[in-house]
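Here is the structure we will look at.
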Amino acid sequence: MVSINQLYLIFSDKRIFPRRRIDPYIKAISVKAYTLGLSLAQVREFLKEKGYNVSREAIRKWFLKAGEIISNNKIKKRAREIKFKEIIALHVSKGRGIGECLTFLEKVKEACINNLTIYTDKGPWYIWPMKFLKLKH
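Take 762 as the starting number for the sequence shown in our numbering and just add one per residue.
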């Protein structure tokens, strides 16, 4: 769950929101209220009572922009050497399928010289690529 302070920091960034017609704190409160279950119309009415004339579309755009910044749709995978905790390979993908896993494991295999044993989170997407690349799991 995102706090109002985190939202305030996002809305205060002039690179993301260059215009300042509405105070960033008000934007943060309205997005937080919307995420807690109020409708856009209810949030608009609340802001109107406080003296801010804001459209539902503006609130929706704030919500989408904040969500775009907060949510990180890319899944980061990294291989780490256990004893020294050194990162061996890193792969960023949008999914967790067999194809992404195969690409990642190929990078790990290229980076390692010795026989390697790979420890995973037991995800089913590792089974086939591990067998295909003949890696010890």
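Where a beta carbon is used, it is the ideal one built from N, C-alpha and C, also for glycine.
Counting only residues of its own chain and dropping the five nearest sequence neighbours on each side, Arg817 has a CB closer than 7 Å to the CB of Leu801, Ala802 and Arg805. For Ser791, the uninterrupted alpha helix (DSSP H) segment begins and ends at Pro785 to Thr796.
Distance check between Cys862 and each of Asp774, Leu894, Cys873 and Lys809 places Leu894 closest, using alpha-carbon atoms only. DSSP, reduced to helix, strand and coil, places Lys855 outside both helices and strands of the structure shown, so it counts as coil. DSSP, read as helix, strand or coil, puts Lys892 in helix.
Assigned with DSSP and collapsed to three states, Lys897 falls in strand. Residue pairing by DSSP places Thr881 in no beta bridge whatsoever.
Ranked by Cα distance from Tyr786, the first of Ile771, Ile777 and Thr796 is Ile771. Distances from the CA of Pro890 to each of Lys811, Lys868 and Gly812 were compared; the closest alpha carbon is that of Lys868. Its chain contains Ile765 as the residues whose beta carbon lies nearer than 7 Å to that of Ile790, once the 5 sequence neighbours on both sides are disregarded; these appear in chain order. In its chain, beyond the 5 residues on either side, Phe772 have a beta carbon closer than 6 Å to the beta carbon of Phe778. Apart from sequence neighbours up to five positions away, the residues of its chain that approach Phe824 with a beta-carbon distance below 7 Å are Val792 and Tyr795, ordered along the chain.
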